[in-house]
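Asks: Here full-length UniProt numbering is used: position 228 in the sequence shown is 228, and no number is missing along the way.
For glycine and all other residues, C-beta sits at the position ideal for the given N, C-alpha and C.
Since the structure is predicted, the reported quantities are computational estimates derived from the model, not experimental observations.
Right, I'll just put the structure down here and ask away after.
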Amino acid sequence: MASSSSSAQLLSTPVPLPCGRVVPNRLCKAPMVEMQAPLGGGPLGDKELRIYEEWAEGGWGMIITGNIAIDETHLGTPWDVNFKQSVPSEHMEQFKRYAAVCKSGRAAGGGASAEKPLAIVQLVHAGRQSSRGSGRYPWVPAIAPSAVPMATAKGALPWPISSVFDWALWGPCRAMTTSEVQQLIKRFADSAVLCHDAGFDGVELHGSHGYMLAAFLSPRTNQRTDQYGGSARNRFRIVEEIIKEVRSRVPSSFVVGIKLNSADYVQGGLTEEDALQNVQWLAEMGGCDFVEISGGNYENPSFMMHDFDAEGETRKLSQQDNGGEAAVKPKEVKESTKKREAFFAGFANRAAGMLPKGQEGGKAPMALMVTGGLRSRRGCAQAIEQSSVSLCGMARASALDPKLPLKFCDASLSDERAAVPIPKLAEKPPALMSLLPLKLAGAGWTTLYHAMQMARMVNGKEPDVKAGSWELLKGLFGPQSRT
Ligand SMILES: Cc1cc2nc3c(=O)[nH]c(=O)nc-3n(C[C@H](O)[C@H](O)[C@H](O)COP(=O)(O)O)c2cc1C
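Take a look at the structure:
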């Protein structure tokens, strides 16, 4: 096993990107919606930007913002930051402050010459996962690649209760016309230009977790018969056209990345083979600087649980394909899998094996970033050494300890101290929520738990893993939390 000093050194090394920019170290704050934007839209206020001050001072090599909705009529949560059709000038000034705050710190590991972190905005369209009434009237359906309704309660609640539950929560969705798809491509590019004008270093397209772009990539939710559906190549076309459109409208040094699923882990969804193909197409077409690897969606959000086992989920699906779960004995999770933090390390390793290693035409290769499960220096170093990824993304760990890169890159700290423990409460929904026999309840709770820890930072307090749920809830919704 690598020593603490060699791991600290490894995590402190810079990563060049194809666009010519350099991530000053391997540690990236992964995207997390803050749930702190004003209802009705706009950027975070000065008070809410305190969280980003913490991360900027924390030594991260790259800070990816919480997702920003490119369409105010399709929000993921009612408190999503979003771009309105035309951004008012006072909002633009605030987005400029947002970018400046993200870049106000210094990345860990480079001594006095350390560079500023790269500030990247994650752009999202929630598509069919925008719940009923989130930014539009409750009776207006969400737009999606195809009219495939959400099924988050199927299997967990008896039919027809499951269907009624999903209908009430999500409502119906409708298939976009080809011209609407083309407008969406333009809208992603318009938003990337806004991010550039605000002073951000780049954007990441949200192409995972079941949102609009992931729904286009999935054969279950994309049943289109035009050029954006049918074959896997056609399903990928929207991503290709967005990246090309963004590239044609921003300077070549602007960073463009994408978060992609390694698999959807639902019946008929994106498979690992499809996902590997997507990574390969991205590398071949050029224009993409990094791919953040994740997996799952709202219909199977198990990736939000700390004991997630990607190989186990894939096995479960093939057992179901072969005639039901009872037909095949479930396999034990391997010891090596239990010890390994990075959920998607296996996929990342296979993806990395397909990519060119060295510089091609003077350009650095597209970087791979793995997010999910990482919470220690040892875990990050292992992901880089054994899975050949370049970058480590951390979401929940960054909400519990915003300054952990300073610890991970400090060779004088032991491995034991360069780690974030999993708070027990984060995995255990309060009694009322546990009554819902849905995977979404557990995933929703762990998301809310970490959003509440972020709210503590907004209120000038440090995250506190000992705080109880009532105290944390008061911080998110209490009178002092919103001014
Ligand atoms: C509070 C919270 C908000 C999140 N918001 C986003 C988001 O806006 N965009 C995104 O791609 N993923 C989001 N995620 C998922 C994380 O980026 C990440 O994929 C997931 O939490 C697993 O990584 P982790 O084990 O490092 O937390 C969110 C997670 C949490 C806990």
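Grab me the residues of residue 469's own chain with a C-beta within less than 6 Å of its C-beta, minus the 5 sequence neighbours each way, in chain order.
Replies: Only 430 meet the Cβ criterion.
Asks: At a cut-off of 7 Å, is residue 304 close to ligand 1 when judged by its beta-carbon and the heavy atoms of the ligand?
Replies: Answer for residue 304: yes, Cβ within range of ligand 1.
Asks: Taking 7 Å as the cut-off, is the CB of residue 36 close to at least one heavy atom of ligand 1?
Replies: no
Asks: Here's the rule: buried if 16 or more other CB atoms are within 10 angstroms of the residue's CB, otherwise exposed. What is residue 164?
Replies: exposed
Asks: Tell me the DSSP secondary structure of residue 366 in three-state form.
Replies: Reduced to three states, the DSSP call for residue 366 is coil.
Asks: Taking the straight line between their C-alpha atoms, what separation do you get for residue 464 and residue 453?
Replies: Whole-angstrom Cα-Cα distance: 7 Å.
Asks: When the distance is taken between beta carbons, is residue 391 closer than 8 Å to residue 308?
Replies: no
Asks: For a test of the three-state rule: what should DSSP assign to residue 326, helix, strand or coil?
Replies: Note that residue 326 has pLDDT 44, beneath the 50 cutoff, so the model's placement of it is unreliable and the number below is only indicative. Residue state, collapsed to three classes: helix.
Asks: Look at the alpha carbon of residue 109 and the alpha carbon of residue 404, and state the distance between them as a whole number of angstroms.
Replies: 12 Å
Asks: Taking residue 245 as the reference, which of 402, 190, 85 has the closest Cα?
Replies: 190
Asks: Among the residues of its own chain, which have a CB less than 7 Å from the CB of residue 445, if the five just before and after it don't count?
Replies: 429, 433
Asks: Say the cut is 7 Å; is the CB of residue 208 nearer than that to a heavy atom of ligand 1?
Replies: yes
Asks: Please identify the residue among 467, 393, 436, 441 whose C-alpha is closest to the C-alpha of residue 423.
Replies: 467
Asks: Applying the criterion that 16 or more other CB atoms from any shown protein chain within 10 Å of the CB defines a buried residue, is residue 477 buried or exposed?
Replies: exposed
Asks: Would you mind working out which of 373, 262, 38 sits nearest residue 305, comparing C-alpha positions?
Replies: 373
Asks: Compare the C-beta of residue 444 against all C-beta atoms of chain D and say whether one is closer than 8 Å.
Replies: Protein chain content of the structure displayed is limited to a single chain, and chain D is not contained in it.
Asks: Name, in chain order, the residues that DSSP records as bridge partners for residue 206.
Replies: 259
Asks: Within the continuous beta strand (DSSP E) that includes residue 292, where are the two ends?
Replies: 290-294
Asks: Run through DSSP, which three-state label would residue 391 get?
Replies: strand
Asks: What does the alpha-carbon distance come out to for the pair residue 8 and residue 410?
Replies: Using only the alpha carbons, I get a separation of about 6 Å.
Asks: Between which two residues does the beta strand (DSSP E) containing residue 249 stretch?
Replies: Residue 249 -> not in any beta strand (DSSP E); alpha helix (DSSP H) instead, spanning 232-249.
Asks: How big is the Cα-Cα spacing for residue 327 and residue 319?
Replies: Residue confidence for residue 327 is low, a pLDDT of 44 falling below 50, so the modelled location carries little weight; the figure read from the coordinates is stated next. Spanning the two alpha carbons is a distance of roughly 7 Å.
Asks: Output the boundary residues of the alpha helix (DSSP H) element that contains residue 285.
Replies: 272-285
Asks: Identify, in the order they occur along the chain, each residue of the same chain with its Cβ nearer than 7 Å to the Cβ of residue 313, setting aside the five sequence neighbours on each side.
Replies: 265, 302
Asks: From the DSSP output, which residues share a beta bridge with residue 376?
Replies: Partner(s): 419.
Asks: Using a Cβ-Cβ cut-off of 8 Å (strictly less than) and excluding sequence neighbours within five positions of residue 56, which residues of its own chain qualify?
Replies: 63, 101, 102, 103, 104, 105, 117
Asks: Buried or exposed, going by whether 16 or more other CB atoms sit within 10 Å of the CB of residue 3?
Replies: exposed
Asks: Assuming residue 172 contacts residue 149 under a Cβ cut-off of 8 Å, what Cβ separation, rounded to an integer in Å, is found between them?
Replies: 6 Å
Asks: Any heavy atom of ligand 1 within a distance shorter than 7 Å of the CB on residue 300?
Replies: no
Asks: Can you give the Cα-Cα distance for residue 238 and residue 216, rounded to whole angstroms?
Replies: 8 Å
Asks: Work out the CA separation of residue 153 and residue 174 for me, nearest whole Å.
Replies: 20 Å
Asks: Could you check if residue 450 belongs to the surroundings of ligand 1, using beta carbon to heavy atom distance under 7 Å?
Replies: It does: the Cβ of residue 450 is within 7 Å (strictly closer) of some heavy atom of ligand 1.
Asks: Per DSSP, what kind of secondary structure is residue 185 in: helix, strand or coil?
Replies: Three-state result, residue 185: helix.
Asks: Heavy atom of ligand 1 less than 7 Å from the Cβ of residue 425, yes or no?
Replies: no
Asks: Which of the three DSSP states, helix, strand or coil, is assigned to residue 122?
Replies: Of the three classes helix, strand and coil, the one that applies to residue 122 here is strand, per DSSP.
Asks: Assuming residue 30 and residue 371 make a contact with CB atoms under 8 Å, what is their CB distance in whole Å?
Replies: About 5 Å separates the two Cβ atoms, so the contact holds.
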